[in-house]
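A.B. asks: Let me give you the structure first, and then I'll get to my questions.
There are 2 protein chains.
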Amino acid sequence: MKDNVNIGLIGFGTIGSGVVETFNQNFDLINDKVKKDVKLKRVVDLDITTDRGVKVDPEVLSTDVNDILEDPEIDIVIELMGGYQPALKFILKALNNGKHVVTANKALLAKHWEEIIAAARENNVRICFEASVGGGIPLLQPLNESLAANNVKEIYGIINGTANYILTKMTEEGREFEDVLKEAQEKGYAEADPTFDIEGHDTAQKLIILTILGFGIYVKQERFHVEGITKVTPDDILFAKEELGCCIKLLAISKLVDGELEVRVHPTIVPEDHLLSSVNGVFNGAYLVGDIVGPVMMYGQGAGMMPTASAVVGDCIDIIQNMTKPVAYGPEKSKVKTVKAMEDVRSKYYLRLTTIDQPGVLHTISGILSDYSISLESVNQKQTAKGEPVPIFMVTHGALEKHMTAAVERINKLDFVRGETVFIRLL
Amino acid sequence: MKDNVNIGLIGFGTIGSGVVETFNQNFDLINDKVKKDVKLKRVVDLDITTDRGVKVDPEVLSTDVNDILEDPEIDIVIELMGGYQPALKFILKALNNGKHVVTANKALLAKHWEEIIAAARENNVRICFEASVGGGIPLLQPLNESLAANNVKEIYGIINGTANYILTKMTEEGREFEDVLKEAQEKGYAEADPTFDIEGHDTAQKLIILTILGFGIYVKQERFHVEGITKVTPDDILFAKEELGCCIKLLAISKLVDGELEVRVHPTIVPEDHLLSSVNGVFNGAYLVGDIVGPVMMYGQGAGMMPTASAVVGDCIDIIQNMTKPVAYGPEKSKVKTVKAMEDVRSKYYLRLTTIDQPGVLHTISGILSDYSISLESVNQKQTAKGEPVPIFMVTHGALEKHMTAAVERINKLDFVRGETVFIRLL
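These protein sequence lines are chains P and S, in that order.
To convert, note that position 35 of the first sequence is 35 in UniProt numbering; the numbers rise steadily by one, no gaps.
To convert, note that position 261 of the second sequence is 261 in UniProt numbering; the numbers rise steadily by one, no gaps.
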């Protein structure tokens with residue numbers, strides 16, 4: 001291989017600035033490591049005048065993406081513009097022009113996986129995307145390489161910093177969801193429109209990528225259950241803590257049992273002695289179980305300018321060291337026979353419902369649950385002022401999702417039940 | 001590269017059997033991944049008759065190590081016999097015969113690093129040793145590759161399962177060290193002679209390897225402070241928990257501040273909200289801080305037949321995918337200017353001392369501490385039956401190690417002080 005490597009960066013936003021800053025700060029380290037002359041040759045953005053607070057040679061800047069895509073001297077293209085288009089077009093063009101690609105674009109990978117990977121394979125170039133899941137955490141490379149001797153059995157990820165920050169604050173301070181969300185927005189930990197993070201879509205996109213690398217199967221988001229954290233209340237968190245010794249986390253779950261793969265995103269009640277329960281604030285953690293290694297966890301900052309830049313530049317270094325590496329993205333032959341429908345997933349459940357305090361309430365509710373073969377492990381009724389609706393907390397033994405949803409639908413229709421019954425699955 | 005890869009395994013003990021079992025179980029997975037025909041061609045051990053409980057073709061077995069070392073068809077040699085000799089001789093011969101090497105032999109690497117690496121470099125072959133630190137945890141490869149864009153600033157490792165198991169049991173059950181050690185020995189978590197684990201030597205050897213990969217400097221064990229867990233009592237653990245909200249862990253620490261590297265192994269008081277405090281039982285965890293990525297942690301089983309085999313086979317796969325990878329072991333140009341002497345390390349300290357209950361005791365002790373510029377953050381005196389010696393617990397502000405050791409030496413000589421004063425550093 002030639003002794004100099006040229007890199008082109010598309011997208012000079014927050015992460016892009018972090019990448020420029022990383023090359024500025026650790027230029028010698030990177031060059032010594034790969035024993036090449038590595039150069040960030042071109043940075044392209046529509047806006048090349050705003051000061052990003054990082055040093056950049058004005059001659060490197062351009063508004064024309066073809067200064068990267070059509071430059072035969074550029075070996076690696078970093079795509080950090082985000083979104084579907086024109087990012088997809090640019091990535092495909094880069095791959096088709098024989099350039100390796102590094103991207104943090106989880107949305108794009110989750111939606112256009114097959115097309116992108118096909119282009120990389122056809123052109124015998126690599127696409128790396130460590131930054132797309134878990135920000136700076138070494139996660140995809142270890143999963144794909146260090147753990148390569150393993151059939152992955154289970155993946156549990158806390159991979160959205162916004163949702164985890166909100167749940168952590170609610171837990172530590174006993175505050176309501178809306179209240180903490182507002183604070184998170186003020187602090188810049190949540191977007192003005194937080195839907196994507198709090199409804200689990202971001203987590204789902206990342207889970208798609210983890211599932212490909214872990215289980216060798218591409219499961220589109222339409223095919224699995226995705227549920228956010230907006231219905232979780234301080235009461236739920238308090239009950240989980242005091243009665244169950246647990247906390248509530250938004251988990252991305254991918255789990256293979258007898259050839260059947262469960263893929264799902266939802267708030268989950270996690271025991272406090274499980275390491276995932278210690279992943280707090282904006283931090284991310286991914287807990288994997290391999291058939292040889294057993295459980296492992298990787299932890300770190302799942303977002304942010306510099307952590308994400310660390311992963312992007314790490315990918316560049318990996319590519320420079322191995323431009324001819326066989327391109328494997330997860331196991332080549334998947335052990336997955338079917339993707340299990342959510343209704344067939346079996347869990348233990350926590351239920352919170354609100355009723356008028358009158359005789360026979362518990363009898364009726366437990367009767368409905370019993371109709372669906374759902375048996376109760378515990379029931380707690382909260383004291384309230386006379387005449388006010390009463391919250392009831394229940395924990396069930398293992399039950400099928402379809403039974404639980406059918407039972408809850410009937411329970412919600414009872415005339416003494418107020419509001420919507422919430423259920424949260426136990427890990 | 002040729003399409004078939006032959007592997008020779010030296011050492012058919014516990015880990016060796018795990019490696020054979022991994023190849024048996026996941027043969028297809030491994031071959032599909034690397035797109036080669038990978039074969040465990042030869043397994044050498046002095047004892048090839050004892051049944052290890054794993055399936056192995058008798059024709060593969062041999063008692064002659066040259067069936068591996070001198071076989072030109074063998075590409076990768078796995079060394080799992082342990083110890084210094086003849087392991088060193090065999091590894092050097094393998095490297096000199098142009099074979100790549102995979103080993104879990106931390107003792108050997110820690111002692112003969114320069115010689116081994118020089119041989120690998122001269123022969124343009126690779127030596128991989130993921131299994132030598134943290135068993136199956138993806139740790140060395142992420143440190144060396146995924147995090148390659150970072151200058152490592154700090155490494156904190158819980159990397160000895162035996163010591164961690166003992167401290168965890170002492171914490172959870174309030175039991176004495178000796179008592180838990182005995183149980184650990186009965187359960188097979190501690191050796192008949194546990195010195196190596198409980199006195200920190202095993203941790204120290206692993207820290208040497210982490211320090212090379214993290215900071216690009218080889219610091220021999222004689223050059224740093226290594227202290228085990230034998231002096232830790234349930235009283236210390238209880239005080240740490242109740243008064244400080246902390247737990248006690250045996251930490252391997254390597255930390256670079258202004259070009260000065262601190263390298264040390266000792267029991268450490270760790271805040272309960274630090275992720276390392278959740279690394280319990282026989283599990284290991286390594287907490288790293290990079291200048292770009294910030295903090296990350298890797299967690300998993302640090303020992304055992306299958307977890308360690310996972311790392312060994314993962315290394316084989318890595319080598320097969322990249323036989324020509326530039327051989328970098330940590331940063332090529334170290335940022336370390338000097339290795340700090342232990343006496344110059346500054347810590348906050350917890351002290352436990354036992355005195356006769358008489359007037360002026362605290363005054364005298366605090367006077368001695370004050371002579372060495374050590375100021376107290378808190379003092380607790382435990383109630384005891386009249387006439388019995390009184391334990392006193394103290395927490396200091398930051399102080400130099402040399403001042404603390406000098407002060408404790410004087411305190412131990414006071415006629416009202418009983419037994420040895422114990423001090424434990426705070427993280």
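C-beta: ideal position from N, C-alpha, C; glycine also.
1) When you check each C-beta in the stretch 114-145 of chain P against every C-beta of chain S, which residues fall closer than 7 Å?
2) Out of curiosity, what's the CA-to-CA distance linking residue 354 of chain S and residue 206 of chain S?
3) Between the stretch 32-58 of chain P and chain S, which residues of the former have a C-beta closer than 8 Å to a C-beta of the latter?
4) Could you list the residues in the stretch 63-83 of chain P with a C-beta less than 8 Å from some C-beta on chain S, going in chain order?
5) Which residue from S/330, S/68, S/258 and S/60 puts its Cα closest to that of residue 113 of chain S?
6) According to DSSP, what are the bridge partners of residue 337 of chain S?
7) How would you label residue 99 of chain P, buried or exposed, when you count the other beta carbons within 10 angstroms and need 16 or more for buried?
8) Closer than 8 Å by C-beta to residue 4 of chain P: which residues in its own chain qualify, once you throw out the five before and the five after it? Chain order, please.
9) Would you kindly check if the distance between the Cβ of residue 166 of chain S and the Cβ of residue 336 of chain S is under 8 Å?
10) In chain order, what residues of the same chain have a beta carbon less than 7 Å from the beta carbon of residue 357 of chain P, not counting five sequence neighbours either side?
11) Interface residues of chain P around residue 22 of chain S at Cβ under 8 Å?
12) Under 8 Å between C-beta atoms, does residue 214 of chain S make it to chain P?
13) Quick check on the DSSP output: what are the complete alpha helix (DSSP H) runs of length 4 or more inside the stretch 270-345 of chain P, in order along the chain?
14) If the cut is a Cβ gap below 8 Å, which residues of chain S does residue 297 of chain P touch?
15) Write down every uninterrupted run of the beta strand (DSSP E) in the stretch 200-283 of chain P whose length is 3 residues or greater and which is fully enclosed by it, in chain order.
16) Return the residue from the list P/119, P/186, P/91 and P/17 that minimises the CA-CA distance to residue 51 of chain P.
17) If the criterion is Cβ atoms closer than 8 Å, does the pair residue 276 of chain S and residue 137 of chain S meet it?
18) Are any of the Cβ atoms in chain P nearer than 8 Å to that of residue 163 of chain S?
19) Write down the C-beta distance between residue 314 of chain P and residue 146 of chain S rounded to the nearest angstrom, noting that I regard them as a contact closer than 8 Å.
20) Is the shortest distance between the beta-carbon of residue 358 of chain P and the beta-carbons of chain S less than 8 Å?
21) May I have the straight-line CA-CA distance separating residue 15 of chain S from residue 84 of chain S, to the nearest angstrom?
22) Say whether chain P places a C-beta atom closer than 8 Å to the C-beta of residue 332 of chain S.
23) For residue 77 of chain P, list the residues DSSP reports as bridge partners.
24) Does the contact criterion of 3 or more C-beta pairs under 8 Å hold for the stretch 291-303 of chain P versus the stretch 293-312 of chain S?
25) On the criterion of 16 or more Cβ atoms from any shown chain inside 10 Å, does residue 192 of chain P qualify as buried, or is it exposed?
26) From the beta carbon of residue 310 of chain S, is the nearest beta carbon of chain P less than 8 Å away?
27) Residue 328 of chain P touches chain S at which residues, Cβ-Cβ below 7 Å?
28) Using 8 Å as the cut-off, can you tell me whether the stretch 149-156 of chain P makes contact with the stretch 114-130 of chain P, which would need three or more C-beta pairs spanning the two stretches below that distance?
29) Alpha carbon to alpha carbon, how far is residue 253 of chain P from residue 432 of chain P? Give it in angstroms, no decimals.
30) Cβ of residue 383 of chain P less than 8 Å from any chain S Cβ?
31) For residue 412 of chain P, is the classification buried or exposed, using 16 other Cβ atoms within 10 angstroms of its Cβ as the cut-off for buried?
32) Cα-Cα, which of S/31, S/274 and S/262 is closest to residue 317 of chain S?
33) Assuming the contact rule is C-beta atoms closer than 8 Å, residue 164 of chain P and residue 281 of chain P should be a hit. Round their C-beta distance to whole Å, please.
34) Provide the residue span of the beta strand (DSSP E) that contains residue 37 of chain S, from first to last.
C.D. replies: Based on what the coordinates show:
1) 130, 136, 137, 138, 141, 142 and 145
2) Numbered from 1 along the second sequence, position 354 holds the residue referred to as residue 354 of chain S. Numbered from 1 along the second sequence, position 206 holds the residue referred to as residue 206 of chain S. Each residue's alpha carbon lies about 35 Å from the other.
3) 32, 33, 34 and 35
4) none
5) By 1-based counting over the second sequence, the position of residue 113 of chain S is 113. Among S/330, S/68, S/258 and S/60, the Cα nearest to that of residue 113 of chain S is on S/330.
6) Locating residue 337 of chain S in the second sequence gives position 337, where the first residue counts as 1. The partner list for residue 337 of chain S (beta bridge, DSSP) is empty, contrary to what the question assumes.
7) Within the first sequence, residue 99 of chain P is the residue found at index 99, counting from 1. Classification of residue 99 of chain P: buried, given that the 10 Å Cβ count is 16 or more.
8) As a first step, residue 4 of chain P is located in the first sequence; it is residue number 4 there, counting from the start. These residues qualify, in order along the chain: 36, 37, 38 and 39.
9) Stepping through the second sequence from its first residue, residue 336 of chain S is reached at position 336. Stepping through the second sequence from its first residue, residue 166 of chain S is reached at position 166. Contact: no.
10) For the purposes of this step, residue 357 of chain P is taken as residue 357 along the first sequence, with counting starting at 1. Answer for residue 357 of chain P: 390, listed in chain order.
11) Counting from 1 along the second sequence, the entry for residue 22 of chain S is found at position 22. Near residue 22 of chain S (Cβ distances below 8 Å), the residues of chain P are 149 and 292.
12) By one-based count along the second sequence, residue 214 of chain S stands at place 214. Taking Cβ atoms only, chain P never reaches closer than 8 Å to residue 214 of chain S, which makes this a no.
13) 305-321
14) Here residue 297 of chain P corresponds to residue number 297 of the first sequence, with the count starting at 1. Chain S residues near residue 297 of chain P: 297, 298, 299 and 300.
15) 246-257 and 260-271
16) Locating residue 51 of chain P in the first sequence gives position 51, counting from the first residue. Residue P/17 is the option with its Cα nearest to residue 51 of chain P.
17) Position 276 of the second sequence, counted from the start, is the residue given in the question as residue 276 of chain S. Position 137 of the second sequence, counted from the start, is the residue given in the question as residue 137 of chain S. For residue 276 of chain S and residue 137 of chain S, no; Cβs fall outside 8 Å.
18) Working through the second sequence from its first residue, we reach residue 163 of chain S at position 163. With 8 Å as the cut-off, residue 163 of chain S does not count as an interface residue toward chain P.
19) To locate residue 314 of chain P, count along the first sequence from 1; it is residue 314. To locate residue 146 of chain S, count along the second sequence from 1; it is residue 146. Contact flag correct, Cβ pair sits at about 5 Å.
20) One-based indexing of the first sequence puts residue 358 of chain P at position 358. Not an interface residue.
21) What you label residue 15 of chain S is simply residue 15 of the second sequence in a count that begins at 1. What you label residue 84 of chain S is simply residue 84 of the second sequence in a count that begins at 1. Their backbone Cα atoms lie some 17 Å apart in a straight line.
22) Position 332 of the second sequence, counted from the start, is the residue given in the question as residue 332 of chain S. It does: the Cβ of residue 332 of chain S has a partner Cβ on chain P nearer than 8 Å.
23) Numbered from 1 along the first sequence, position 77 holds the residue referred to as residue 77 of chain P. DSSP output for residue 77 of chain P lists P/8 and P/101 as bridge partner(s).
24) yes
25) What you label residue 192 of chain P is simply residue 192 of the first sequence in a count that begins at 1. It counts as exposed.
26) The residue you call residue 310 of chain S lines up with position 310 of the second sequence. Judged by the 8 Å Cβ criterion, residue 310 of chain S is in contact with chain P.
27) As a position in the first sequence, residue 328 of chain P is number 328, starting the count at 1. Those within 7 Å of residue 328 of chain P in chain S are 33.
28) no
29) As shown, chain P starts at 1 and ends at 427. That puts residue 432 of chain P outside it, with no answer to give.
30) Position 383 of the first sequence, counting from 1, holds the residue named residue 383 of chain P. Chain S, which has no Cβ nearer than 8 Å to the Cβ of residue 383 of chain P, makes this no.
31) The count along the first sequence starts at 1 and reaches residue 412 of chain P at position 412. Exposed, by the Cβ-count rule.
32) Here residue 317 of chain S refers to the residue found at position 317 when the second sequence is read from its first residue. When each option's Cα is compared against that of residue 317 of chain S, the closest is S/31.
33) Residue mapping note: residue 164 of chain P aligns to position 164 of the first sequence, counting from 1. Residue mapping note: residue 281 of chain P aligns to position 281 of the first sequence, counting from 1. Yes, they are in contact, since the Cβ atoms of residue 164 of chain P and residue 281 of chain P sit about 7 Å apart, within 8 Å.
34) Here residue 37 of chain S refers to the residue found at position 37 of the second sequence. Residue 37 of chain S -> beta strand (DSSP E) spans 37-44.
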